[in-house]
Each structure stands twice: as C-alpha cells, then as structure tokens.
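See below for the structure under consideration.
Structure, rendered in structure tokens:
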C-alpha cells in the first residue's frame, strides 16, 4: 500500500480559549480522532505538530495548560512529534527532512486553524512537491475582523480559503472521501 | 533611512488572459507603478519576481508571450530579478539568501494574485522573520469556484485573505499609507 502520512496541526487545548471567538466545524476534533484511529489500525505514519507560541499572551505558549494536545489528538509512543513557533510546520523544524528520509510523498493534513497554520503548511507542502489532501471537515477556524473593521464569519473564511487552496496546493477532500480512498488503497 | 525592499510578485501580461475570469482591484497595476517609481526615486531596493509556470496550459509559461512583465512593472538594469516555478518566491530561489546578504529586514509586497503567490510569499516572509507590509490596493485576485461548486467573488476572496494575513504574517496597508510612511522615513 502507498505510504500516506497524516499530519495533525495544532490540535491543542488552548484553542478552546474563548478569546479566539466563534468557530466553525465543531465536529473537526471527532473527525481527526476517527482519522487518527484509522491511521493507527493501518500502521500508516502519523505526524503530530504542536504550536509553542512565543507571544506573551497566547494560550499556546509552552508554559500554559493550553499548550497540551486535545484528548482526540494525543500522540502515542513511536509517533513522530514536532514543535514549531511559527505557522508553517516546515519552518524551524525537521519536517521536510523527516518526510524525505522516510520517502513519504503524500500527506493528509488536518487541524487548526484553516487559514493560519493549516493553510501555510499546506502551501509549503504543495510547493515543496508533496501531494496533499486537505480535509475540509477536519479543519476549522475562527471569526476574524479585517483592518477596515469588517467582520468575517469563521465559515466564510474557512470556505474561501479552501477554494483558494484546492487544485493549486492540494486537493480538498472530506473525511469520508479520505477514509474510502485509504480503504481502496489497502 | 531604513532599508525597505519593494517585492513585486508576478505582474505579468499572462494575467490579462480572459481564462482567469473576473478580477478585483483594476487599479492595482497603477498603484504598483507609483510605488515602483517612488522606490526608484528613493534608491530603495526593488525585487522583481517572475513566475515561470511549468503547467502545460498556463499563459505564464516561459515560452508564452504572457510570461513578460507588464509595462507598469518592467525591471530596470541593476534591479534584482528572480524567477520561480511555484507560488512562494522563497522556494527554489535565492530570495532569502539575497535579503540576508543585503541586511534587508523589511519588505513591502505587491502583485498578483492575493490568495495564491502573494499570500504564500507573505506567509513565508513573515514566518522567516521579515517585517512585511502587504499593500491592499496593489494586489488583486480572480473569482474562484469551491470544490462544492460555490462561486466566490474576487473581492470577497481578496478581503478575506487580507483579514487572515493582517496581524499574523504582515500588516495590511494602502499604497497611500506606505508612501506616507516612506516619506516620513527619509
């Protein structure tokens, strides 16, 4: 079977902090848990990415309880883990070197948040030559305000970012599509 | 005065091809021309990025007339030029090395398209530690369709991408704000 790594980005307790505002895709963590357990059953590689913020007030700082992985995405012994301090999981980490050394060419990317760390990592992965599936219902983001004061909903941000990424940096798929492809690949 | 490089991304004739669909910010090239002439008057560094697509049907392929720079963004002798084949101007190029060797820490980014090459380059620049101003009226994009068939307008895509980038990877500014900052910096 083809090797496909599941890359789980920043699924950490700090994202439950109310300071982030309203979120879309409340089921994303359940989808990630399902993908993770299926990846384990199939002995496919899993990469856990943890954000260790350098910002003074971030709940994702290493000294904050929010730095911990959420229960749905807790790594198991033997699974690759890496920490990062910026949005891209390829900057300041050994991710590219690790993937090349394992001859992994295909990635399934999930996690938080769609338009920040997930988008940035997906863009770099695609531009570095990896084949990426981005899972639309296993990613999520938060409402944001433009610098002109306009309010944008999490779901509009999420959907527009997926439209910009799809076909250019990755293929956007649902959890169901990814699981059915994995099953047909066995 | 502080050194600030103007990075002009993919302002090439191929983007006038009707196959891209409807665009926002028709004045972007005029704004870029104004920024470029001001940068020249101030002897600040200018970096011209040219996309050399590897895709068989792209008007931006090196063997197509659309690969040429638009008149408003034509490089002059002595200005740094680089070509790229992916979205990020930092991948497969010497851009980071060039900026470090010139001790350039601050960038003003303009060009096409907001959500593809401009966003990807801005994200990597910010994550690599550069201070980035992204110019809202000197960038533009095209309508896109999501993989569920939903149509998104160029201006909604543009505005949402700027909202996601602002404060996280860069500061979003208008041409007028950038020019007034440059003037006060002299």
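Chains as they are written, first to last, in my numbering: chain A, 1 to 186; chain B, 1001 to 1186.
The beta-carbon is built from N, C-alpha and C at its ideal position, and this holds for glycine as well.
Of the residues that make up the segment 1103-1122 of chain B, which ones have a beta carbon closer than 8 Å to any beta carbon in chain A?
For the segment 1103-1122 of chain B, which is checked against every Cβ of chain A, the residues closer than 8 Å are 1115, 1116, 1119, 1120.
Do residue 1074 of chain B and residue 1135 of chain B have their beta-carbon atoms positioned less than 8 Å apart in this structure?
Contact flag unset, no.
Against chain A, which members of the segment 1124-1150 of chain B pass a CB distance test of less than 9 Å?
1124, 1126, 1127, 1128, 1129, 1136, 1141, 1144, 1145, 1146, 1147, 1148, 1150
What residue from B:1153, B:1014, B:1070 has the CA that sits closest to residue 1033 of chain B's CA?
B:1070
If you count every other CB in all the chains shown that lies within 10 Å of the CB of residue 1166 of chain B, and 16 or more means buried, which is it?
The residue in question, residue 1166 of chain B, is buried, as its Cβ has 16 or more Cβ neighbours within 10 Å.
Hey, residue 91 of chain A and residue 1128 of chain B: beta-carbon distance below 8 Å or not?
yes
Please determine, among B:1047, B:1061, B:1156, the residue with the shortest C-alpha to C-alpha distance to residue 1053 of chain B.
B:1061
Just to confirm before moving on: does the CB-CB distance between residue 110 of chain A and residue 35 of chain A stay below 8 Å?
yes
Assigned exposure category for residue 144 of chain A - 16 Cβ within 10 Å defines buried:
buried
Taking 7 Å as the limit between beta carbons, can you name the residues of its chain near residue 15 of chain A, skipping five residues before and five after?
Excluding sequence positions up to five before and after residue 15 of chain A, its CB lies within less than 7 Å of the CB of 112, all in the same chain and listed in chain order.
Chain-ordered chain A contacts of residue 1162 of chain B [CB-CB under 8 Å]:
146, 147
Tell me which same chain residues have a C-beta within less than 7 Å of the C-beta of residue 1119 of chain B, skipping the five on either side of it?
Excluding positions up to five away in sequence, the list reads 1161, 1165.
Coil, strand or helix - residue 1016 of chain B by DSSP:
helix
Coil, strand or helix - residue 93 of chain A by DSSP:
coil
Identify the continuous alpha helix (DSSP H) that holds residue 41 of chain A and give its terminal residues.
Residue range 28-41 is occupied by the alpha helix (DSSP H) that includes residue 41 of chain A.
Residues in the segment 1017-1046 of chain B having any Cβ partner in chain A nearer than 7 Å
none
Three-state secondary structure (DSSP) at residue 1052 of chain B?
coil
Locate the alpha helix (DSSP H) running through residue 173 of chain A, then write down its first and last residues.
Not the alpha helix (DSSP H): residue 173 of chain A falls in the beta strand (DSSP E), residues 171-173.
Kindly indicate which three-state DSSP category residue 111 of chain A falls into: helix, strand or coil?
strand
Assuming residue 1156 of chain B is part of the alpha helix (DSSP H), what are its boundary residues?
1154-1165
Quick one: is residue 124 of chain A buried, meaning 16 or more other Cβ sit within 10 Å of its Cβ, or exposed?
buried
Over the uninterrupted beta strand (DSSP E) stretch that includes residue 1125 of chain B, give me the two end residues.
Note, residue 1125 of chain B: premise wrong, no beta strand (DSSP E); alpha helix (DSSP H) at 1119-1127.
I'd like to know whether the C-beta of residue 88 of chain A is nearer than 8 Å to at least one C-beta of chain D.
Given the protein chain composition of this structure (A and B), no chain D is represented.
Out of B:1068, B:1072, B:1088, B:1049, point me to the one whose CA is closest to residue 1080 of chain B's CA.
B:1049
Using a Cβ cut-off of 7 Å, pull out every chain B residue sitting near residue 63 of chain A, in sequence order please.
Per Cβ cutoff of 7 Å: no residues; residue 63 of chain A is ~22 Å from chain B at best.
Which residues bound the beta strand (DSSP E) around residue 1134 of chain B?
1131-1140
So is residue 1157 of chain B in contact with chain A if we call contact Cβ pairs under 8 Å?
yes
Looking only at DSSP bridge pairs, what is residue 7 of chain A linked to?
A:47, A:109
Note down the Cα distance separating residue 29 of chain A from residue 122 of chain A, rounded to an integer number of angstroms.
19 Å
Output, in chain order, the set of chain B residues within a Cβ distance shorter than 8 Å of residue 166 of chain A.
1146, 1147
Of all the options A:156, A:31, A:17, which has the alpha carbon lying nearest to the alpha carbon of residue 59 of chain A?
A:17
Rounded separation between residue 1025 of chain B and residue 1078 of chain B - CA only
30 Å
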